[in-house]
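What the sequence shown shows, in mature numbering (1 follows the signal peptide of the UniProt record, and there is no 0), is residues -22 to -1, 1 to 167, in sequence order.
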Amino acid sequence: MNIMGVQSVLSILLLLVATVKAEEGKVEFWREKFTMTCPGNGTWFKHSGDKTPAQSLAESTTYSIEYNSDNKGLYYCLFNVEDPDITTDSNTSPKKYYFYVKGKVCANCFELDATLFGLVIIVDVVGTVFVMIIIYTYNKRKSPGGPTHSSKAPARPGGQGPPVPPQDYEQLNPRTRSHDTYSIVNRTG
């Protein structure tokens, strides 16, 4: 193995070891409500601007309210995280997790989950293939086992062939032919 291969393998291993799981916070809209989920149990605040202090809303992991134009904006939850650098009796430090909420809601709508949508497509394709297999096997059993008879015209007595049809294209009568612009064929050659 050359030196470049060793360096690339070591860098990939270093990246895999150094990955840190991000904190999970999310906002979900359901009909006319939205729910925010904080990574830890904490206190919820609505940020009202720089000059006025934020107002405390609730203390829990999730916070749900009905959405309207007054509710959109910046929210955050303040929760405690274990910090090994702190040597006091409670080794936790406060941390803020911000949410910016702006969306559209309605009484009869809901958020479409990507996994559910993918599952519906997969079930539809598998069901279609299943129906095709059933139709194929049913029609395969229904077909006759022997040779099929083709429908032929009955043989003519005396060995004569069919009558000769008249010519398909006949010459036009020059007296009844129209002399309009596109009715005349000009021969060039």
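Glycine included, C-beta positions come from ideal geometry on N, C-alpha and C.
Sequence-distant residues of the same chain with beta carbon closer than 8 angstroms to lysine 50, five excluded per side: Val79, Lys80, Gly81
Could you give the distance in angstroms between the alpha-carbon of glycine 96 and the alpha-carbon of lysine 4? 21 angstroms
Restricting to Cα atoms, I'd like to know which of Val(-17), Ala85, Cys55 is closest to glutamate 37. Cys55
Cβ neighbours of tyrosine 41 in the same chain (closer than 6 angstroms, five flanking residues each side left out): Met14, Trp22
Taking only three categories from DSSP, how would you classify lysine 74? strand
Do you know whose CA, among Leu35, Asn19, Gly18, lies nearest residue 214's CA? In the structure as shown, the chain starts at -22 and stops at 167, and residue 214 therefore has no counterpart that could be examined.
Going by the DSSP bridge assignment, what does threonine 15 pair with across the sheet? Lys4, Thr40
Helix, strand or coil: how does DSSP classify valine 59 here? strand
Looking only at its own chain, which residues have a Cβ that is under 6 angstroms from the Cβ of valine 109, when we skip the five neighbours before and after it? none
Please confirm if asparagine 49 has its CB atom under 7 angstroms from at least one CB of chain D. Absent from the structure: chain D. Only one protein chain is present.
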